[in-house]
Structure formats: C-alpha cells, structure tokens
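Trainee: Numbering-wise, the sequence shown is residues 1011 to 1573 according to my numbering.
The beta carbon of each residue, even a glycine, is placed where N, CA and C say it ideally should be.
Every value quoted in this text rests on a predicted model; they were computed, and no experiment measured them.
Take a look at this one; I'll ask things after.
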Amino acid sequence: MNQSLITTSDSANLRRNESLKRFFIFLCVITIVLILTKRHLTSSIHRLPSIASVPHPEMTVEDVMLSLWWDLPPTSVWESVQNTSSPAQSTASLEHLQAQYCMGDTLDVRVDMRDHSGRPKTHGGDFILARIHSPKLQASAAGAVTDLRNGSYRVRFTLLWPGEVQVSVLLMHSSEAVQALWRSRQLNYKKITHVGTFVNGSKTETSECGFQLNASKSLCEYKDERDGESYACYIPPTLPCHSIDTMSSFNTQGSPLTKEEASLLTGNNIGVKIKNNFGNLNVSNCSVGPNEMGRDCVQRISPSIPSGYYWRNQWSSLYHQTGSFFTLESINSCLKGKTLYLMGDSTMRQWIEFMNSFQNDKSKDYRGFSFIKIVNIKSNYTVYWRNHGHPRITVSKIKLIEAPYISRDLDAIGAEGEDTVVVIGVGQHFRAYPLELFVRRLLSLRGAIQRLQARRPRTRIFIKLENTRELSSEPERFSDWHGHLQNLAQRKVFGDLEVGFVDAWEMTVAANTFVIHPNPTIIASEVAEFLSRLCHTPQDTSVRPRSFNLLLLSQLTHKIFRD
C-alpha cells in the first residue's frame, strides 16, 4: 500500500514537472514572438505623427569614427608576404558537429587563419565574406562573421531550406592588406583628380578641383555653410569662379603602398576560398521536439542573421513577404498614388530603369546622367531619380546644377500630402576618399532627414546600403572593404532614425555577385525587398520554406502542447 502511494505520488510529480516544463517553454516561445513582432514593426517603420517630434542626439564625425574603431585593422609589423594570411594554409571547420541538421538550426563555422608558412595567426583584421548555398535549388544566404581578434573567426549561418547545403568562406583581403588599404585611404585625397569646366558664353576654361588643394594658390571655394560640405578649384585663367559648369574626373597615378603591400592587392590574392575540413551538409525539414528547445530556442525561431535569402533565384525576406512584389500588378498596387524619390548613384538609377522596363502605361522624362522621371498614369504614381552631388567619379562631364546635394533635394520636398517615399543610396563614389568625407556627407543627410520628418511625419524614408563590386576594380581605391566600412557608418548615422534599410550588401554577398551594377535578377530582388517593407506585407505561413520562422513556430507550439 505504501509502495503504491509512493508510485502514485512520483507519477503526479512527474506530470507536474512536465507541465511546468511545457509552460516554461511556452513562455519562451511567447517571449520570442513578442521580440520578433517588435523587430517586424521596427523594420517596417510604420511611422506615427508623433515620432518625428522625438529628439535625436547630435552626432559628430568623431562619434561615428569612434564607433568604427573595432572594425579597423590592428597595427601589425610583418617582414615579408610569407607572414601574411594565407587562404591555402587556413581552414574552416564546424564548431558543433551534429548528427542531424534541421531547417532553423544555427550553424557555426570556425575559421583559423595561418600565414603562408603554416604558422597560426595571432591577431584579427582579415576581411572575410561567407555564404551558404544550394546550386540546384538556386538558394543562398549570407553568414555573419565575428572577428575573435586572435587569428580565428566565427561565421554564423541560419539553415533556411532543406537539401544539400554548401558552405563557402572567402578571404577577401588579409589583415595586412586591410591595414595597407586603411593607411592609403586615410593618407590623402590624391587618388582622384577632378577637372572643373568654366563657361562664359562661347569661352571655356578648365581647372583642377578637389577637396584638399594647395592653399598657397588662389582658389575658388564652393562651400555649403549649413552642412559643412565644400570643395575648391584653382582659379581659372580669366573666367570667374561662379562660371563653373561641369565636373569630371580621372584616376591619378602613384600610391603610398610598398611593393609588398601592393602585391597583396593583386587579383590572385583577393576573394580566395578558404578550404573546409568538412563536406556538404544535408538539411532536413524536421520537427523540433520539446527536449531540444533548451539548446537555443531563441536562435532557432528568430535568427538575427540573415535578414533574408534567395530561393529559386528570388529574394525572400524573413520579415516581409517579398514574393508578391515580383509582378507588375503588385508593384503598381503598392506604389499607387505615391511619389517616389530615388536619390543617389547609378546603383539607385538601376531601380528606376528596372521599374521603367516593364511599365506599359507611362511617360518618361530623361535628362542625361543626372535626372529621370517616369509617370504611371493608370496607377497614379510618379518616380524620380536624381544623382547625388559632388563627388562623382566619371570621365563624363556632370553638370553641377543638375546634381545638387541630396540634403538640398530633401529640403525641397514640400509639406503637402502623405504619400511621399524617399530611398537614398550613396557610397560607391566615396570609396576613394578618406572616410571622414563620407561620414560628413552622411551627417548632412541625417540632418535633412530629420528636417523632412519634422515637416512631413508620414514620409517614408529608406536607406539602400552599398552592394559589392568587381574584385578587379582597383582595390586601393574601390575595394569592398571600403564599402563594408561605409555600410557600418551608414547604420551608425541612420540607425536611430525612423528609416528602413535595404541591405543590398547582404543580398549581393548571398548571391556571390561582385559587380558594381548587379544583374536584373538582383535589382528585382532589391526592389521587392523595398516594396515589401513599404507596403507591410506579412509573411505567408502556408509557404515553405520561405516562411520557415513562422512555420517552425507553429510546429513548436503544437509539440509543446501535444498530449
């Protein structure tokens, strides 16, 4: 009798403990849902009128530069190329080997760097890009690289689709090459020479222009006093300073790099794959039982990396349903009644050319290199593209009056209406200059955005981050490491404002695309990502694997409460 009572009591305790365990897991899931919902709302930037009145702290160039300190290369002394990081000697390995990999799992890959003699590196600073991909499925996603500052790196992926998955880790630049790039970038403004053309009637003269000219010579100075933007030209022989009409540029010869440093930036040393000491992974669409929840339930359901992935060669956001925005009908429906301003370089111009390519009912106003306008009469929307102001790196002569600073264009947007959308994309033309110049431009944009939001609180504003570009495009001037650093600066400058980000960097890394003007498939995906954020399309939980996070959540909840 006593034994029976004890057994019954133990059974009750076990049931009670199991109920408590399920209740705890349920609370974990609910907490994650709330966090995920908050992230969705934040990324959607659904703005209320009162938001624009919230004060934002002042930000200086020094603040931004200090925030990037951790991402700057360490100072190291090396005697020969043999002492630099070698992709052939380095290895990538799995940190936590599993018997089975499931959709939603986090995959951690450890990269251990060695020099050309096989000696382990003892400091960080290497520039590494990584992705997972399944060629047969046309699926891919970027990974997040963490520098452990000791010669090793952790690359974190989220497994987002079932099937055979390959891991690819590229050494873009050794830490020694990054150190050389940083020193060269910050040293001077002499990588690009600008030529101003001055016109008065039939008379034309040219003169050298730049951001840092010899102050002992007579200069024409062009300064925006409010925003602190400025450049100068040597005074032309006879024409006045105000007669400046166009600006062009060319690359200057010479480099502060040593022969050994320059050799690290040659084609066969850029973007080289680091060998894996493991094979391809087989990912299953398996259910996650309650016994497994304790391992890492947060990262299983709400991955911070990536924000999306390619599936069947189309981008799928983890926060919004992008799939519907690859059709003309959905695009026109989203933009109906709106005025869309695309402001920035030629990668931003690609957007308006893409939108224009499939429109049947439109008019187009084209003005050379600096301005395009399309009007969709049926859906009643207008799209403008305007180039950003100086600097522009091009041999073509750009009329300065047609390419004002974006901050001035933002100031010109009036106070009427609530269907205005702005997308800003800058950076590629700034890579050849010291980083402070780009940061100063970002801060002037920050001020203009705040002024616009104060006038028009419901104006939607997005920042398109830089994409990758050709590995062969003169890395000392245009390396993707410069673009990576500038993207970090953009997130710092705009991160506390009510803006949305279109992460073209992540999208081009995931696609393994290294070209300054991505192909139409990538552009279509960038536009779809933007429109999905603009029009707040929720994920469709009936679609697999695009909605894996919400589908997985449903599976988890079912398993927690099943008998």
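May I ask which residues mark the beginning and end of the beta strand (DSSP E) holding ASP1157?
Mentor: In the sequence shown, the residue the question calls residue 1157 occupies position 147. Note, ASP1157: beta strand (DSSP E), 1154-1157.
Trainee: Leaving out the 5 sequence neighbours to the left and right, which residues in its chain are closer than 6 Å to PHE1440 when beta-carbon positions are compared?
Mentor: As a first step, residue 1440 is located in the sequence shown; it is residue number 430 there, counting from the start. Only PHE1448 meet the Cβ criterion.
Trainee: As an exercise, report each continuous beta strand (DSSP E) stretch of at least 3 residues that is fully enclosed by the segment 1123-1182, in chain order.
Mentor: Within the segment 1123-1182, the complete beta strand (DSSP E) runs of at least 3 residues are 1137-1144, 1149-1152, 1154-1157, 1162-1168.
Trainee: Since ARG1141 and ALA1520 should fall inside the 8 Å C-beta cutoff, what is the C-beta to C-beta distance between them, to a whole number of angstroms?
Mentor: One-based indexing of the sequence shown puts residue 1141 at position 131. One-based indexing of the sequence shown puts residue 1520 at position 510. About 5 Å separates the two Cβ atoms, so the contact holds.
Trainee: Rounding to the nearest angstrom, what Cα-Cα distance links ASN1290 and LYS1383 in this structure?
Mentor: Looking up residue 1290 in the sequence shown gives position 280. Looking up residue 1383 in the sequence shown gives position 373. Those two C-alpha atoms are separated by around 48 Å.
Trainee: Please work out which residues of its chain come closer than 8 Å, Cβ to Cβ, to HIS1106, disregarding the five sequence neighbours upstream and downstream, and give them in chain order.
Mentor: The sequence position of residue 1106 within the sequence shown is 96, counting from 1. Only ASP1118 meet the Cβ criterion.
Trainee: DSSP three-state label for ALA1102, please.
Mentor: Position 92 of the sequence shown, counted from the start, is the residue given in the question as residue 1102. Residue state, collapsed to three classes: strand.
Trainee: CB-CB under 7 Å to SER1096, same chain, minus the five flanking residues each way: which ones, in chain order?
Mentor: Position 86 of the sequence shown, counted from the first residue, corresponds to residue 1096. Cβ within range, chain order: ARG1124, ASP1125, HIS1126.
Trainee: Quick one: using the 10 Å Cβ neighbour count with 16 as the cut-off for buried, is THR1168 buried or exposed?
Mentor: What you label residue 1168 is simply residue 158 of the sequence shown in a count that begins at 1. Result: buried.
Trainee: Taking 7 Å as the limit between beta carbons, can you name the residues of its chain near CYS1219, skipping five residues before and five after?
Mentor: Position 209 of the sequence shown, counted from the first residue, corresponds to residue 1219. The residues are HIS1204, VAL1205, GLY1206, TYR1241, ALA1242, CYS1243, MET1257.
Trainee: Mapping DSSP to helix, strand and coil, what is VAL1525?
Mentor: Mapped onto the sequence shown, residue 1525 falls at position 515. Looking at VAL1525 - three-state DSSP - the assignment turns out to be coil, as it is neither helix nor strand.
Trainee: Measuring CA to CA, which of ASN1292, PRO1467, LEU1223 is closest to GLN1108?
Mentor: In the sequence shown, residue 1108 corresponds to position 98, counting from 1. It is ASN1292.
Trainee: Provide the residue span of the beta strand (DSSP E) that contains PHE1260, from first to last.
Mentor: What you label residue 1260 is simply residue 250 of the sequence shown in a count that begins at 1. First-last of the beta strand (DSSP E) with PHE1260: 1254-1261.
Trainee: Mapping the DSSP letters down to three states, classify GLY1457 as helix, strand or coil.
Mentor: Translated into positions along the sequence shown, residue 1457 becomes position 447. If DSSP states are grouped into helix, strand and coil, GLY1457 belongs with the helices.
Trainee: Quick check for students: name the residue ranges of the beta strand (DSSP E) that lie wholly in the segment 1466-1550, counting only runs of 3 or more.
Mentor: Those beta strand (DSSP E) runs which fall completely within the segment 1466-1550 and span 3+ residues are 1470-1474, 1510-1512.
Trainee: Rank LEU1197, ASN1390, ASN1295, TYR1320 by C-alpha distance to the C-alpha of ILE1341 and give the top, closest one.
Mentor: Counted from its first residue, the sequence shown places residue 1341 at position 331. Of LEU1197, ASN1390, ASN1295, TYR1320, the residue nearest in Cα terms is ASN1390.
Trainee: Which ranges would you report for the beta strand (DSSP E) in the segment 1220-1300 if only whole runs of at least 3 residues count?
Mentor: 1229-1234, 1239-1244, 1254-1261, 1282-1286, 1291-1294, all fully within the segment 1220-1300.
Trainee: Where do the N-terminal and C-terminal ends of the alpha helix (DSSP H) with MET1365 fall, by residue?
Mentor: By one-based count along the sequence shown, residue 1365 stands at place 355. Looking at the DSSP string, the run of the alpha helix (DSSP H) that includes MET1365 is 1356-1367.
Trainee: Straight-line CA distance for LYS1200 to GLN1099?
Mentor: Start at 1 with the first residue of the sequence shown, and residue 1200 comes out as number 190. Start at 1 with the first residue of the sequence shown, and residue 1099 comes out as number 89. Answer to the nearest angstrom: the Cα atoms are 36 Å apart.
Trainee: Can the beta-carbon of LYS1409 be found closer than 7 Å to that of ASN1386?
Mentor: As a working mapping, residue 1409 is identified with position 399 in the sequence shown. As a working mapping, residue 1386 is identified with position 376 in the sequence shown. Taking 7 Å as the Cβ cut-off, LYS1409 and ASN1386 do not qualify as a contacting pair.
Trainee: Just to confirm, is the Cβ distance from ARG1479 to ILE1434 under 7 Å?
Mentor: The residue labelled residue 1479 in the question sits at position 469 within the sequence shown. The residue labelled residue 1434 in the question sits at position 424 within the sequence shown. It is not a contact, given that the beta carbons lie outside the stated cut-off.
Trainee: Tell me whether the beta-carbon of MET1182 lies closer than 7 Å to the beta-carbon of GLY1281.
Mentor: The residue given as residue 1182 occupies position 172 in the sequence shown. The residue given as residue 1281 occupies position 271 in the sequence shown. Contact flag set, yes.
Trainee: Please state whether the Cβ-Cβ distance between GLY1135 and VAL1091 is less than 7 Å.
Mentor: What you label residue 1135 is simply residue 125 of the sequence shown in a count that begins at 1. What you label residue 1091 is simply residue 81 of the sequence shown in a count that begins at 1. It is not a contact, given that the beta carbons lie outside the stated cut-off.
Trainee: By Cβ distance, which residues of its chain are closer than 6 Å to ASN1497, with the 5 residues on each side in sequence left out?
Mentor: The residue given as residue 1497 occupies position 487 in the sequence shown. Hits under 6 Å: LEU1475, GLU1476, TRP1515.
Trainee: Could you please give me the residues that DSSP links to HIS1439 through a beta bridge?
Mentor: On the sequence shown, residue 1439 is found 429 positions in, with the first residue counted as 1. Beta-bridge pairing links HIS1439 to no other residue.
Trainee: Quick one: Cα of GLU1271 to Cα of ARG1487, how far?
Mentor: Position 261 of the sequence shown, counted from the start, is the residue given in the question as residue 1271. Position 477 of the sequence shown, counted from the start, is the residue given in the question as residue 1487. Approximately 14 Å, taken between the alpha carbons.
Trainee: May I ask you to report which of helix, strand or coil DSSP gives GLN1331?
Mentor: The residue you call residue 1331 lines up with position 321 of the sequence shown. Looking at GLN1331 - three-state DSSP - the assignment turns out to be coil, as it is neither helix nor strand.
Trainee: Between ARG1418 and ARG1456, what straight-line distance do the alpha-carbon atoms span, to the nearest angstrom?
Mentor: As a first step, residue 1418 must be located in the sequence shown, where it is residue number 408. As a first step, residue 1456 must be located in the sequence shown, where it is residue number 446. Their Cα atoms are separated by approximately 12 Å.
Trainee: With respect to the alpha helix (DSSP H) encompassing VAL1188, which residues constitute its N-terminal and C-terminal limits?
Mentor: For this step, residue 1188 is matched to residue 178 along the sequence shown. Where VAL1188 is concerned, the enclosing alpha helix (DSSP H) stretches over 1185-1197.
Trainee: Whole angstroms are fine: how far does the CA of SER1489 sit from the CA of PHE1137?
Mentor: Numbered from 1 along the sequence shown, position 127 holds the residue referred to as residue 1137. Numbered from 1 along the sequence shown, position 479 holds the residue referred to as residue 1489. Between PHE1137 and SER1489, the C-alpha separation is close to 11 Å.
Trainee: Can you tell me the Cβ-Cβ gap for ILE1471 and VAL1512, rounded? I've got them flagged as a contact below 8 Å.
Mentor: One-based indexing of the sequence shown puts residue 1471 at position 461. One-based indexing of the sequence shown puts residue 1512 at position 502. Rounded, the Cβ-Cβ distance is 11 Å, inconsistent with contact.
Trainee: Secondary structure at ARG1322, three-state DSSP: helix, strand or coil?
Mentor: The count along the sequence shown starts at 1 and reaches residue 1322 at position 312. If DSSP states are grouped into helix, strand and coil, ARG1322 belongs with coil.
Trainee: If you reduce the DSSP assignment to three classes, tell me which class ASP1375 lands in.
Mentor: Taking the sequence shown and counting its residues from 1, the one referred to as residue 1375 is at position 365. Strand, per DSSP.
Trainee: Tell me where the beta strand (DSSP E) around ARG1396 begins and ends.
Mentor: On the sequence shown, residue 1396 is found 386 positions in, with the first residue counted as 1. Where ARG1396 is concerned, the enclosing beta strand (DSSP E) stretches over 1391-1396.
Trainee: Are there 16 or more other CB atoms within 10 angstroms of the CB of ILE1416, so buried, or fewer, so exposed?
Mentor: Residue 1416 sits at position 406 when you count from the first residue of the sequence shown. By the neighbour-count rule (16 or more Cβ atoms within 10 Å), ILE1416 is buried.
Trainee: Would you call ASP1506 buried or exposed, if buried means 16 or more other Cβ atoms sit within 10 Å of its Cβ?
Mentor: By one-based count along the sequence shown, residue 1506 stands at place 496. Classification for ASP1506: exposed.
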